[in-house]
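Enquirer: Pasting a structure here, questions to come.
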Amino acid sequence: MRVVNLGVDFGSTGLRVAYAAPDQPVRTLTLPGPPGSWLRCEPVRASRLGFAFPSLKSRLGAGGTADGFEALVEAFRAARTAVERAAGGSVGRTVVCVPVRYPSDQRTAVRDAANRAGLADVQLIGDSAAAVIGQAPPAGGSATVLVYGLGYEGFEIGLVRVAGGHYRVLGYDGGVGPGGATLDYQILVGWVETLRLHGLLPPVPRQDAGFWLPLREAAQRVKEELETHPQAVFPVAVKNRGGTRELDVVFERAEFEVAVARMIAGTLDRAAELLKQSQLGPADLDSVLLFGGSVQLPGVAALFAGRFGVTPVLAPPDQLARGAARHADGLRSGDPAPGGPEDRSTDIERPVGRDEVPELATIVVASPDTRPPGARLVLSADDLAVPAAEPDGGGAIGLDEARRLIAAGRREEAIALLRGMLGEVRDLLDQLTAPAPAPTAEARRSLVLARALLEQGRFDEAVQAAHVAWSLVPDSPDLFEEMIDIHCRAATAEAGTERFPDELRWLRCAYGHDRSNARVRDLLAERTYRYARHLSRLGRLDEALHAVGEALTWDPERRDAVELQRGLLRRRSRPPVGDPEDSA
């Protein structure tokens, strides 16, 4: 029987596959999507929305019902069946692409799932190496390639040397964020906060996954539309309070491009650092290869071209699967993958914090009457609210039922019902009174580093380290408060106004994390007011008016800001003669 070798790109939302027979070109195969979404909706107490949308891929090996192991087994089985049918033979070797940062327990889970699906000879390869193997050999026979991957969750950087048909990995880096999910989440936050600002969000919005997962998909569609259009309308409209109008939330590409640039800025620095560690510079690169769905985001390729002086090549979606299949076809049984990705995960110990992505400005407009019926989903305030509880045998209804059973002489049934209710009450109390998770040793080290960097005046690095600490234990209120405190201390460390743009960025980031924090709002008002005074002294009246207006949005009752605004308006309405109210 004919034997083919299989390459699998294990992504956050499904598998891509390619196969190769000896002396035959690599072929790709389109698989139907998994029967259920590989994305989850999980509670995260300290996050903006109160939950996050991790992938099965990131939860694999964690144990429990959210592990996703069985779903991966079914996906591998479907891939094997489809390839054997298309190729008219059986699968010999299988090579699966995984992130280099993937820890050993998750690597073991991938192999076990593939074995359970009937794939016997399974090896893993790093995403970066597979991406390089998947492209045509370099024209000169050798090349040094900087590889950058940006997917749904996380990024990966690789430095690969190609020579004489051999591939050698010179270095790796990567992290769990940022990724496409970061922007999906930020778009969804922008939509929710816009509804809140316009009084359209109920005090207790719904929290169920069945409601929010489709909204996450809507945010992803906005992101994809902003890749090619100047504006994108969130595809879920909301009726106003009277139900007389449907309101759309609109996102602007210009704001989105700024968010993308800010999101990946730290990863560009990491790529440059990887080159430096390998004693190479941009001039030593023959090519820059970008892979993953999120490298299509506006500005990513241009940022790499500007930083490294090489026009990047964007890999097609199937390139990793092709590279894995090509590698599987060239392997002898037991051969290692390039660079030994089986044990490279220990090389990446430095965690990556949540890069500071600015809030996305939105516009609220009345939906045009020209939209065809059913063109997008329309929600009312009631749809956004927690549904009224239905009778389920609990609470007062359960007690009434117990009383009815007692009156009917059915004592044992009443006891069983009441014991069941007590069990539910205990479980709920345990959830509410459970202690917050303690910071891990790694999180504590990141926090100590953040404080030390703060003392050294390395404020940006301190804020980044604080983000790292919190990202490691996002459910810890203590770490969350420490992270906010470091933002505030960085913003108030210097008396002058030279660093105002940085101060504003750090404080807005803190505000984005915790909008109810009075200290952050007060500091935003105070630092912006100080900057307005500075601009006023320089005679830059329009800029000063804009700044003092911002200060008043943070604290409308701030008397000195009101007086400064009045003085500036008077000065602007007549030739400058010096305004005593501005000298304060």
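Quick note on our numbering: the sequence shown kicks off at 1018 and runs consecutively. Just so you know, even glycine gets a beta-carbon here, dropped at the ideal spot from N, CA and C. Just so you know, these numbers come straight off a predicted model, no measurement behind them.
On a CA-only basis, which of GLY1175, ARG1547, ALA1483 and ASN1132 is nearest GLU1511? Give me that one, please.
Expert: Taking only the C-alpha atoms, the option nearest GLU1511 is ARG1547.
Enquirer: How long is the line joining the alpha carbons of GLY1081 and ALA1322, rounded to whole angstroms?
Expert: Low per-residue confidence applies at GLY1081: pLDDT is 47, beneath 50, and the placement is therefore not dependable enough to give any value.
Enquirer: Suppose you measure from the CA of PRO1334 to the CA of ARG1279; what does that come to, to the nearest Å?
Expert: Distance between the alpha carbons of PRO1334 and ARG1279 is about 25 Å.
Enquirer: Count the CB pairs spanning the region 1310 to 1317 and the region 1187 to 1205 that are closer than 8 Å, and state whether there are at least three.
Expert: The answer is yes - the region 1187 to 1205 touches the region 1310 to 1317, with three or more Cβ pairs under 8 Å.
Enquirer: Curious, which full-length beta strand (DSSP E) runs of at least 3 residues does the region 1081 to 1147 contain?
Expert: Fully enclosed beta strand (DSSP E) runs of 3 or longer: 1107 to 1115 and 1138 to 1143.
Enquirer: Buried or exposed: which applies to ILE998, given that a residue is buried once 16 or more other Cβ atoms fall within 10 Å of its Cβ?
Expert: As shown, the chain starts at 1018 and ends at 1601. That puts residue 998 outside it, with no answer to give.
Enquirer: Does ALA1180 come out as helix, strand or coil in the three-state DSSP assignment?
Expert: Note: ALA1180 maps to strand in three-state DSSP.
Enquirer: Nearest to VAL1113 by alpha carbon, out of ALA1148, SER1072 and ARG1420?
Expert: The shortest C-alpha separation from VAL1113 is found at ALA1148.
Enquirer: Output needed for SER1463: all residues of its chain with C-beta closer than 6 Å, excluding positions within five of it in sequence on either side, in chain order.
Expert: Excluding positions up to five away in sequence, the list reads ALA1482, VAL1485 and ALA1486.
Enquirer: Only counting the same chain, and skipping five residues up and downstream in sequence, which positions put a Cβ closer than 7 Å to that of ALA1130?
Expert: Here the set comprises PHE1086, LEU1089, VAL1090 and PHE1093.
Enquirer: Taking Cβ positions, are ARG1550 and LEU1581 nearer each other than 9 Å?
Expert: Yes, the Cβ-Cβ distance between ARG1550 and LEU1581 is below 9 Å.
Enquirer: Take the Cβ of GLN1203 as the centre, count every other Cβ of all protein chains shown within 10 Å, and call the residue buried at 16 or more, exposed below.
Expert: By the 10 Å Cβ count, GLN1203 comes out buried.
Enquirer: Going by C-alpha distance, which of LEU1470, TYR1169 and ASP1286 is nearest LEU1056?
Expert: For LEU1056, the nearest C-alpha among the options comes from TYR1169.
Enquirer: According to DSSP, what are the bridge partners of ALA1249?
Expert: Answer by DSSP bridge pairing, in chain order: PHE1268.
Enquirer: Please go through the same chain and pick out, in chain order, the residues whose beta-carbon is closer than 6 Å to the beta-carbon of GLY1109, but skip the five residues on each side of it.
Expert: Contacts found: VAL1020 and ASN1022.
Enquirer: Quick one: using the 10 Å Cβ neighbour count with 16 as the cut-off for buried, is LYS1293 buried or exposed?
Expert: Exposed is the call here.
Enquirer: With DSSP run on the structure shown, which of helix, strand or coil describes PRO1060?
Expert: If DSSP states are grouped into helix, strand and coil, PRO1060 belongs with the strands.
Enquirer: Identify whether THR1284 lies in helix, strand or coil by the three-state DSSP scheme.
Expert: Here THR1284 sits in helix by DSSP.
Enquirer: In whole angstroms, what separates the C-alpha of ALA1338 from that of LEU1136?
Expert: Near 16 Å, if we compare the C-alpha coordinates of LEU1136 and ALA1338.
Enquirer: Which one of ALA1300, TYR1036 and PHE1172 has the shortest CA to CA distance from ASP1075?
Expert: It is Ser, not Asp, that sits at residue 1075 in the sequence shown. Answer by Cα proximity: PHE1172.
Enquirer: How many angstroms separate the CA atom of VAL1277 from the CA atom of LEU1066?
Expert: Approximately 20 Å between the Cα atoms of the pair.
Enquirer: Using the Cβ count rule (16 or more neighbours within 10 Å means buried), how would you classify THR1545?
Expert: That one is buried.
Enquirer: According to DSSP, what are the bridge partners of SER1072?
Expert: Paired residues: LEU1056.
Enquirer: Nearest to ALA1156 by CA position, among GLY1182, LEU1176 and ASN1132, is which residue?
Expert: Here the closest residue by C-alpha is GLY1182.
Enquirer: For SER1311, which three-state DSSP category applies?
Expert: It is helical.
Enquirer: Is LEU1446 helix, strand or coil when you go by DSSP?
Expert: In the structure shown, LEU1446 sits in a helix (DSSP, three-state: H, G or I).
Enquirer: Given this structure, state the Cα-to-Cα distance separating LYS1240 from PHE1251, to the nearest angstrom.
Expert: LYS1240 and PHE1251: Cα-Cα distance of roughly 10 Å.
Enquirer: Going by CA-CA distance only, name the one from ASP1539, ARG1522, ALA1564 and LEU1558 that's closest to GLU1574.
Expert: Of ASP1539, ARG1522, ALA1564 and LEU1558, the residue nearest in Cα terms is ASP1539.
Enquirer: Please tell me whether LEU1046 and ALA1037 are closer than 9 Å, where the distance is taken between their beta carbons.
Expert: The answer is no: Cβ separation not under 9 Å.
Enquirer: The alpha helix (DSSP H) that contains ASP1477, what's its start and end?
Expert: Where ASP1477 is concerned, the enclosing alpha helix (DSSP H) stretches over 1476 to 1489.
Enquirer: So ILE1501 and ASP1531 are in contact, right, with Cβ under 8 Å, and what is the actual spacing, rounded?
Expert: Confirmed, about 6 Å.
Enquirer: Beta carbon of ALA1146, beta carbon of TYR1184: below 9 Å?
Expert: The answer is yes: Cβ separation under 9 Å.
Enquirer: Would THR1161 and VAL1186 qualify as a contact pair, given that the criterion is a beta-carbon distance under 9 Å?
Expert: Their beta carbons are not under 9 Å apart, which means THR1161 does not touch VAL1186 by this criterion.
Enquirer: Kindly list the residues whose CB is nearer than 8 Å to the CB of GLU1359, restricted to its own chain and excluding five residues on each side of it in sequence; keep chain order.
Expert: Note that GLU1359 scores 39 on pLDDT, short of 50, meaning its location in the model is unreliable and no value can be drawn from it.
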